[in-house]
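Only one structure is covered here, and it is reproduced in the block below.
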Amino acid sequence: DVDRSMWDYNPVMIDSTRVNLSKAGQGRFYAGNPPSIVIPSPGGFPGMMQKMKDYIVSRGTWMDTNLLTDTLYPYTPSVTYIGRAGFPLDDLRFRSSAFAGRTGVFAAMQWRIAEITDPSSPAFDPRAPRLYEITPTWQSGEITVFNSEITIPPSVVEPGRTYRVRVRMKDSTGRWSNWSAPVQFVAAVGSQVVRQSLRITELCYNPSEPSAGPWARDDYEFVELKNIGQQSINLAGVRFTKGISYTFGDIALSPGQHVVLAANPEAFALRYSTAGLTLAGPYSGKLDNGGERITLEDALGQTILDFTYDDDGEGWYSATDGRGYTLVVVDPASGADLNLPAAWMTGWQFDGTPGADEQTGRLIGGGGDDTYFVRQMGSTVQIFAESAPEGMPAWTLDAGVFNALHVAGGAGDDSLTIAGNLSVALTFDGAGGDDVIEIRAGVLDFAAGSLSGQPVLQLAGGATVNLLSSFCLSGLTIEDGCILAIAPDGRRVLRTGSLTLGTGATLDLNDNVLVVECGQSGKTSMRDAVASLVASGRNGGLWNGPGIVSTIAAGDPPGVSAVGVLLNEDASGTPLLAELFGEILTAADLIAGYTLSGDVNFDRRIDADDYFRIDQGWLNRGRTWRDGDLNYDGAVDGDDFYLIDTAFLWQTILFGGQTMPAGAQGQGAAAMWSDDISLWDRSVCLR
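Residue numbers (the working numbering): 274 to 960.
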C-alpha cells in the first residue's frame with residue numbers, strides 16, 4: 274500500500290505534459306480522495322481492481338463498435354457444415370459464405386481448425402490442461418482462388434475430440450476480415466470404422482402369426498444390427514440397397530449397442546418392449562420368406578455386408594421359417610461368410626431377442642405347443658425343434674463352453690425328448706399346459722428348480738434319472754429297464770398325478786417319499802397297485818427287485834426299515850397327515866415312503882398306536898400296511914410282528930424314537946412262534 278500510495282503522489286501526476294489533468298492528480302488515483310473520478314470510493318486495491326474491470330469492458334465495447342465495423346475491412350464470412358451427420362472424420366466438409374468486401378475485391382481466404390476443451394463433453398478430464406483455440410490444429414494457408422467448400426483432412430482430427438472451424442477473407446488491399454463465428458463439433462469415426470464395426474446380428478424374415486391387432490405377419494419383420502467395434506459410430510447415410518430399402522439417419526451407436534430396423538415400428542411395439550431400445554424404420558419392401566440377397570452399404574456406397582440367406586435349403590434352419598424363431602449370427606465378430614448356414618443359428622427365444630444379445634443355452638418357447646428333441650454328439654448338444662432329429666439341429670450347444678441348458682416351453686402343451694446322456698445340467702420350465710418330458714436313454718440328473726410347471730415325466734430305452742430335489746409332476750411313467758431314483762436326503766417328496774411302472778422298471782425312493790394324487794374314486798385301486806410294486810421291489814427284504822424299492826432300506830439292518838404305503842385318510846375321511854416335509858397333503862393322496870417297519874401311521878416312530886393297529890389287523894384279517902401287513906404278503910401274521918419288534922429295538926439308532934422297556938428285550942416277537950404271538954396279543958386286547 275505504501276508503494277502504491279507513493280506513486281499516487283508522484284510529481285508526474287500533476288505534470289500536464291505527461292498526464293491528462295482532468296483524469297490525473299495527486300491523491301486522486303489510488304487513494305480515491307475527492308474529487309476522484311478515477312477510483313471509486315473508498316479507493317485502495319479493490320477500487321483499482323474494479324477500475325481495471327470497468328476499463329476492459331468499456332474498451333471492448335469501443336472496439337466492437339469501431340474496429341469491427343471498420344468500413345475498410347471485408348465483411349466477416351459465415352461457415353456451415355455440409356458433411357454427413359455426426360461429423361465423421363472422413364467427411365468433414367464445410368461451406369463458407371461468399372466474399373463481401375468494402376474497398377476491394379477477393380484476394381485470398383484461409384481456413385483453420387483448432388481443438389478446444391469442452392467441459393460439457395463426456396470425455397472432459399478436469400486434470401488435463403485446457404485448450405482455448407489459440408493454437409490451430411490445422412490451417413489451410415492462403416487460398417488465392419475462391420472456393421466456398423473445403424474438406425478437413427481426417428488425419429488432423431481424432432474421434433471424440435471437440436473442435437472449432439473458422440474461415441476469414443482478404444481483399445485486394447491486403448486487409449483481412451475478422452474470423453467467422455465457429456462451427457463447433459465432436460469428431461466421429463469415419464466410414465472405414467463403420468464398415469469394420471457394423472454387423473447384422475439377427476433376422477426375423479418370417480415372423481410368427483400375429484396374436485392381435487390390425488397388422489399382418491410381415492409387419493413384425495425386423496433386422497437387428499450391432500456395433501461390434503471399440504469406438505462409437507454414426508449410421509448417417511448407411512443404407513440397405515438389396516432385399517429391403519432403407520437409409521439410416523443420424524443414429525449414434527456406442528460399442529456393443531444394437532439398433533433394430535423394424536418393418537413396421539408400430540406393430541413391433543405391440544409385440545416387443547421398446548424401453549431403452551434404439552428403433553428405426555419402417556423400411557420399404559419385405560424380407561423374402563424363401564430367402565434372398567441382402568446388401569448393406571456405408572454412406573460412401575461401399576459394401577459393408579452382402580450375403581444371401583435361405584429358409585430351408587441344405588443346412589439351413591426350418592425353425593426360423595414361420596415357426597416363431599429368428600435367424601441369428603453365431604459370432605458377428607468372426608467374419609464368417611454369412612452365405613453359409615454354419616455362420617447362423619436359430620435364435621434361442623421365441624419371436625427373437627431384438628436389441629439384446631442371445632442367451633446361449635436358454636431356449637424359450639412361445640405360447641403354442643413347442644416340441645424339442647435333445648441329444649449329445651461328442652461335446653456338442655444338439656436341439657431339434659421337432660420330436661425326432663431331422664436335418665440340421667435348430668440349436669447347438671458346446672458342452673465344453675456352456676454347462677447348462679434351460680428349456681422354457683411356455684404356455685402350450687410342450688414336449689421335450691432327451692435321447693442319451695447329457696453332460697450339461699438340464700432345466701425344464703413348462704410354465705403351463707400339459708407338458709411331457711421323455712427320457713429315452715442315458716443317465717440324467719435333475720437338480721433343485723430344474724423341473725417346473727408339473728410336466729409328465731416319461732423314462733424309456735433304459736434311461737436312468739436321478740432327482741436331486743423334491744418335484745411335482747403331472748404324471749410319471751417308467752418303462753421296462755428304466756430307473757428313477759430320488760437321491761438320499763430323508764425329506765424329499767416326489768408328487769405325481771399318475772404313476773405307471775413297466776414290469777422291469779424301478780423307482781428307488783431311498784429315504785424319501787412318493788405322493789400319488791389318487792382322487793376319491795381310484796384311491797383303493799391305486800393303493801393296491803402301489804403296494805404290489807413295493808412288494809415286488811422288496812423281494813423278500815432284499816429290496817433289489819423291480820418295482821418300488823429303497824436302497825437305503827436295503828442297507829439298513831434286515832427288517833428294520835421299509836417302504837410303507839398309506840392312504841392319507843382315516844375312517845371319517847379326514848387326512849391323517851396335513852403335511853409331510855413341507856408338502857401339503859389331502860385325503861385323496863397316497864403316501865409311499867421310507868420309514869420303520871411297523872410305522873403304520875407314518876409318524877416316524879414305533880409306539881403303542883402302531884402296535885394297536887397291527888393287533889387289530891391281526892384280529893380282523895387285515896391286508897394293508899396300515900393294518901400291519903408289513904411284508905406285503907396279504908396277511909398280518911407272526912412275520913409282521915417280528916418286523917415291528919425288530920424296528921422297535923432299532924428305532925433309537927435310525928430315527929431317534931422310542932426304546933424298548935427295560936427287561937423286555939427277550940420278550941419280543943423275535944423269540945416267539947406265531948401261536949405265541951396270537952396268545953400275547955389276545956391278552957393285550959383283553960386288559
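Think of the CB as a built atom: it goes at the ideal place given N, C-alpha and C, for glycine as much as any other residue. Small disclaimer: the values here were computed from a predicted structure and weren't measured.
Does the beta-carbon of THR290 have 16 or more other beta-carbons within 10 angstroms, so that it is buried, or is it exposed? exposed
With a threshold of 16 other CB atoms inside 10 Å of the CB of ASP671, please say whether the residue is buried or exposed. exposed
Could you please give the first and the last residue of the uninterrupted alpha helix (DSSP H) stretch that includes GLN530? First-last for GLN530: undefined, no H or E at that position.
Do the CB positions of ALA860 and THR868 come within less than 8 Å of each other? With respect to THR868, ALA860 sits apart: the two C-beta atoms are not nearer than 8 Å.
Quick check on VAL285: buried or exposed, where buried means 16 or more other Cβ atoms within 10 Å of its Cβ? exposed
Quick check on the burial criterion: 16 or more other C-beta atoms within 10 angstroms. Buried or exposed for SER845? In summary, SER845 is exposed, with fewer than 16 beta-carbon neighbours lying within 10 Å of its beta-carbon over all protein chains present.
Contact the segment 645-658 vs the segment 600-618: 3+ CB pairs below 8 Å: By the Cβ test, the segment 645-658 is not in contact with the segment 600-618, since fewer than three Cβ pairs between them sit closer than 8 Å.
Let's test the definition: count the other Cβ atoms within 10 Å of the Cβ of VAL378 and tell me whether it reaches 16, buried, or not, exposed. exposed
Give every residue of the same chain whose Cβ lies closer than 7 Å to the Cβ of TYR545, excluding the five residues on either side of it in the sequence, and list them in chain order. PRO627
Have a look at PRO347 and TRP411 and give me their C-alpha separation to the nearest angstrom. For PRO347 and TRP411, the distance between alpha carbons rounds to 23 Å.
Counting only runs of 3+ residues fully inside the segment 820-877, write out the beta strand (DSSP E) ranges in chain order. 820-822, 834-840, 862-869
Reduced DSSP category for ALA553 - H, G, I as helix; E, B as strand; rest coil: strand
Pop quiz: ASP781 and VAL822 are said to be a contact at Cβ under 8 Å. What is the actual Cβ separation, rounded to whole angstroms? 5 Å
Does the Cβ-Cβ distance between TYR436 and GLU388 come in under 8 Å? yes
For the putative contact between GLY706 and ALA684, defined by C-beta atoms under 8 Å, what is the C-beta separation to the nearest angstrom? 6 Å
Cβ neighbours of TRP953 in the same chain (closer than 6 Å, five flanking residues each side left out): Caution applies to TRP953, whose pLDDT of 44 falls short of 50 and renders its modelled position unreliable; the value that the coordinates give is listed next. Cβ within range, chain order: n/a, list empty.
Which residues in the same chain have their Cβ closer than 7 Å to the Cβ of ALA714, if we skip the five residues on either side of it in sequence? Cβ neighbours of ALA714 beyond the five flanking positions: ALA692, GLY693, GLY734, GLY735, ALA736.
Specify the secondary structure class of GLY936 as computed by DSSP and reduced to three states. Summary for GLY936: the model assigns pLDDT 36, below 50, so the residue's position carries little reliability; its value from the coordinates is reported in the next sentence. If DSSP states are grouped into helix, strand and coil, GLY936 belongs with coil.
Would the segment 783-790 count as touching the segment 814-830 if we require 3 or more Cβ pairs under 8 Å? yes
Whole beta strand (DSSP E) runs in the segment 460-538 with 3 or more residues, listed along the chain? 471-477, 495-500, 512-515, 531-535
Nearest-angstrom Cα separation, counted from ASP585 out to ASP398: 54 Å
Beta strand (DSSP E) containing PHE914: first to last residue? Counting along the chain, PHE914 falls outside any beta strand (DSSP E), though it belongs to the alpha helix (DSSP H) covering 911-927.
Please report the distance separating the alpha-carbon of ARG899 from that of VAL803. A direct Cα-to-Cα measurement between ARG899 and VAL803 gives close to 14 Å.
Under a Cβ-count criterion, where at least 16 other Cβ atoms within 10 Å of its own Cβ denotes burial, should TRP891 be classed as buried or exposed? Within a 10 Å sphere around the beta-carbon of TRP891 sit 16 or more other beta-carbons, which makes this residue buried.
Pair within 8 Å by beta-carbon distance, VAL440 and ILE386: no
Would ALA525 and LYS559 qualify as a contact pair, given that the criterion is a beta-carbon distance under 8 Å? no
Go through its chain and collect everything with a Cβ distance to GLN457's Cβ below 6 Å, but skip five positions before and after it. ARG437
Is the CB-CB distance between ASP872 and ASN841 below 8 Å? No; because the gap between Cβ atoms is not below 8 Å, this pair is not in contact.
Between the CA atoms of THR669 and GLY748 - distance to the nearest angstrom: 29 Å
Determine the extent of the alpha helix (DSSP H) in which THR797 is found, giving its start and end residues. Going by DSSP, THR797 is part of the alpha helix (DSSP H) stretching over 796-811.
Considering Cα atoms alone, identify which of VAL459, SER331, ILE329 is closest to PRO231. Because the chain is modelled from 274 through 960, residue 231 falls outside the range shown and cannot be assessed.
Which residues bound the beta strand (DSSP E) around LEU774? 772-774
GLN931 in three-state terms, based on DSSP: With a pLDDT of only 45 at GLN931, under 50, the local geometry of the prediction cannot be trusted, and the value read off the model is given with reservation. When secondary structure is reduced to three states using DSSP, GLN931 falls in the coil class, being assigned neither helix nor strand.
Euclidean distance between Cα positions of GLY554 and THR581: 22 Å
Are the segment 414-433 and the segment 319-339 touching by the rule of at least three beta carbon pairs closer than 8 Å? no
Should ALA461 and GLY608 be called a contact, given that it needs their Cβ atoms to be closer than 8 Å? no
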